[in-house]
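Participant: Residue numbers (full-length UniProt numbering): 1 to 394. We treat Cβ as the ideally placed atom computed from N, Cα and C, and that holds for glycine. The structure follows.
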């Protein structure tokens with residue numbers, strides 16, 4: 001009995017739940033036990049003493065009479081556990097969204113402005129040290145900065161002196177190595193926001209319609225995982241790439257005066273950041289358009305290639321999962337999964353075995369979880385008990 005926690009004496013009288021409104025109860029206020037409203041649930045009971053008992057009968061023998069003890073199989077209410085544990089942070093306030101994404105956008109915009117301002121300033125004061133056709137100092141400088149940052153390298157504007165070449169080296173490394181990463185983070189944030197908006201709209205429509213058959217929504221969204229299917233992401237990314245190529249080809253044809261083949265050729269070479277250099281933007285309007293078009297289209301193409309790689313990896317994972325689930329267990333698998341050498345494997349050991357075959361977890365991940373479990377089990381009992389949670393840090 002000493003090692004069995006959570007015990008309660010058996011009552012000699014029937015137990016009745018405490019009503020939410022004591023005034024409406026048939027039990028008088030004198031015989032009722034006052035319990036705070038926050039914990040007055042159906043799990044708490046009071047011992048009602050019949051009114052026909054005289055006050056003299058309620059002597060000490062009633063309370064000191066030994067009664068059999070029974071182990072309570074119900075855990076305390078979570079309200080009580082929360083009251084016993086120290087509250088380090090106020091849980092009444094709603095959880096605010098993480099400001100990481102917004103901070104990335106602010107940093108990207110700030111660094112982009114600094115990057116372009118520095119490049120435009122240096123180019124404007126050293127125009128004689130750069131080769132190429134001039135249209136407007138600010139537009140040419142902005143065009144040169146965007147072409148450099150997107151690693152296209154047309155070659156129509158190039159540094160001539162050692163000072164401008166050293167600046168170009170630093171400018172390329174800074175733009176390609178740091179600023180482009182921040183811009184990619186902004187693109188990821190915008191795409192995730194757009195995906196969540198599409199998912200919310202389609203899920204709301206499906207909940208209203210309550211469709212049970214396979215439809216176009218099932219092809220777009222994986223409702224079980226709550227995300228857009230990877231094939232749909234690839235399709236949308238390729239549509240954006242085709243749109244960027246088409247818009248660029250139209251501007252090159254009507255603004256730069258190129259024929260249809262050269263327009264499509266230069267547009268594809270630009271968005272894929274190949275940039276042979278045989279063709280480039282030469283007019284003021286064309287370079288002003290290229291400053292915004294190249295920045296968006298190159299990042300869209302990069303994101304499309306990433307989605308294609310994710311689609312291949314996702315297909316490979318699905319094949320691995322299907323193979324692991326359909327493969328029958330062997331004697332070698334049983335011996336390898338039998339951690340405690342019992343001659344059999346439990347359900348948890350079988351799950352770990354299959355997850356490892358699927359490639360979803362590794363031995364390193366399992367060891368990290370085991371170490372965390374050992375911290376929550378200081379007595380090495382092989383289980384986490386309620387006293388461990390109440391006594392340890394939460």
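What residue range is occupied by the uninterrupted alpha helix (DSSP H) comprising residue 329?
Facilitator: Annotation for residue 329: no alpha helix (DSSP H) segment contains it, and DSSP assigns it neither H nor E.
Participant: Could you tell me the distance, in whole angstroms, from the CA atom of residue 240 to the CA atom of residue 300?
Facilitator: 7 angstroms
Participant: What is the rounded straight-line gap between the Cα of residue 119 and the Cα of residue 103?
Facilitator: 24 angstroms
Participant: Measure the C-alpha to C-alpha separation of residue 290 and residue 281 and round it to an integer number of angstroms.
Facilitator: 8 angstroms
Participant: Let me make sure I understand the geometry here. Which of 369, 354 and 285 has the alpha-carbon closest to that of residue 139?
Facilitator: Considering only alpha carbons, the answer is 285.
Participant: The alpha helix (DSSP H) with residue 371 in it runs from where to where?
Facilitator: 363-376
Participant: Straight-line CA distance for residue 248 to residue 259?
Facilitator: 13 angstroms
Participant: Please report the residue range of the alpha helix (DSSP H) in which residue 346 lies.
Facilitator: That residue, residue 346, is in no alpha helix (DSSP H); it is neither H nor E in DSSP.
Participant: Express the C-alpha separation of residue 272 and residue 254 in angstroms, rounding to a whole number.
Facilitator: 22 angstroms
Participant: How should residue 375 be labelled, buried or exposed, when 16 other C-beta atoms within 10 angstroms of its C-beta is the threshold for buried?
Facilitator: exposed
Participant: Since residue 364 and residue 307 are thought to touch, with beta carbons under 8 angstroms apart, how far apart are those beta carbons, to the nearest angstrom?
Facilitator: Their Cβ separation, rounded to whole angstroms, is 28 angstroms, which puts residue 364 and residue 307 out of contact at 8 angstroms.
Participant: Taking C-alpha atoms, which residue in 263, 381, 144 and 251 lies nearest to residue 159?
Facilitator: 144
Participant: What is the rounded straight-line gap between the Cα of residue 312 and the Cα of residue 320?
Facilitator: 12 angstroms
Participant: Please state whether DSSP places residue 320 in a helix, a strand or coil.
Facilitator: Judged by DSSP in its simplified three-state form, residue 320 adopts helix.
Participant: Please look up how many angstroms separate the CB atoms of residue 324 and residue 358, rounded, as I've assumed it's under 8 angstroms.
Facilitator: Beta-carbon to beta-carbon, residue 324 and residue 358 are separated by about 5 angstroms, close enough to satisfy the 8 angstroms threshold.
Participant: Taking the alpha helix (DSSP H) that residue 174 falls in, what are its first and last residues?
Facilitator: Residue 174: member of the alpha helix (DSSP H) spanning 162-174, first to last residue.
Participant: Are the Cβ atoms of residue 157 and residue 270 separated by less than 8 angstroms?
Facilitator: no
Participant: Measure the alpha-carbon distance for residue 9 versus residue 197 and round it to whole angstroms.
Facilitator: Reliability of the predicted coordinates at residue 9 is poor, the pLDDT of 47 falling under 50, and the value obtained from them is presented with this limitation in mind. In a straight line, the C-alpha of residue 9 is about 56 angstroms away from that of residue 197.
Participant: Quick check: the Cα distance between residue 386 and residue 372, rounded to an integer number of angstroms?
Facilitator: Their Cα atoms are separated by approximately 16 angstroms.
Participant: Note the first and the last residue of the continuous alpha helix (DSSP H) segment covering residue 383.
Facilitator: Run containing residue 383: none; DSSP gives neither H nor E here.
Participant: Can you pull the DSSP bridge partners for residue 131?
Facilitator: 158, per the DSSP bridge assignment.
Participant: By the three-class DSSP mapping on this structure, what secondary structure does residue 315 have?
Facilitator: helix
Participant: Relative to the C-alpha of residue 243, which residue among 229, 264 and 256 is closest?
Facilitator: 264
Participant: Rounded to whole angstroms, what's the CA-CA distance from residue 148 to residue 172? Just pull it up for me.
Facilitator: About 6 angstroms.
Participant: Let me confirm a value: residue 256 is counted as buried when at least 16 other C-beta atoms fall within 10 Å, else exposed. Which label applies?
Facilitator: Residue 256 is buried by the Cβ-count criterion.
Participant: Is residue 327 buried or exposed, if buried means 16 or more other CB atoms sit within 10 Å of its CB?
Facilitator: exposed
Participant: Are the Cβ atoms of residue 170 and residue 108 separated by less than 8 angstroms?
Facilitator: no
Participant: Go through its chain and collect everything with a Cβ distance to residue 384's Cβ below 8 angstroms, but skip five positions before and after it.
Facilitator: Excluding sequence neighbours, residue 384 sits near 373, 376 and 377.
Participant: Counting only runs that start and end within the UniProt domain "Potassium channel" (240-308), where is the alpha helix (DSSP H) found for 4 or more residues in a row?
Facilitator: Counting only runs that start and end inside the UniProt domain "Potassium channel" (240-308), the alpha helix (DSSP H) elements of at least 4 residues fall at 260-271.
Participant: What residue range does the alpha helix (DSSP H) around residue 140 cover?
Facilitator: 137-149
Participant: Using a threshold of 7 angstroms, is the CB atom of residue 117 nearer than that to any non-hydrogen atom of the ligand COA?
Facilitator: In terms of ligand content, the structure shown is empty, and the ligand COA therefore cannot be addressed.
Participant: For residue 123, does the three-state DSSP call read helix, strand or coil?
Facilitator: helix
Participant: In chain order, what residues of the same chain lie with their CB nearer than 7 angstroms to the CB of residue 141, ignoring the 5 residues before and after it?
Facilitator: In chain order, 119, 120, 123 and 124 place their CB closer than 7 angstroms to the CB of residue 141, counting only its own chain and leaving out the 5 sequence neighbours on each side.
Participant: Helix, strand or coil for residue 338? Go by DSSP, reduced to three states.
Facilitator: coil
Participant: Just verifying my parser: in three-state terms, what is the DSSP assignment at residue 231?
Facilitator: helix
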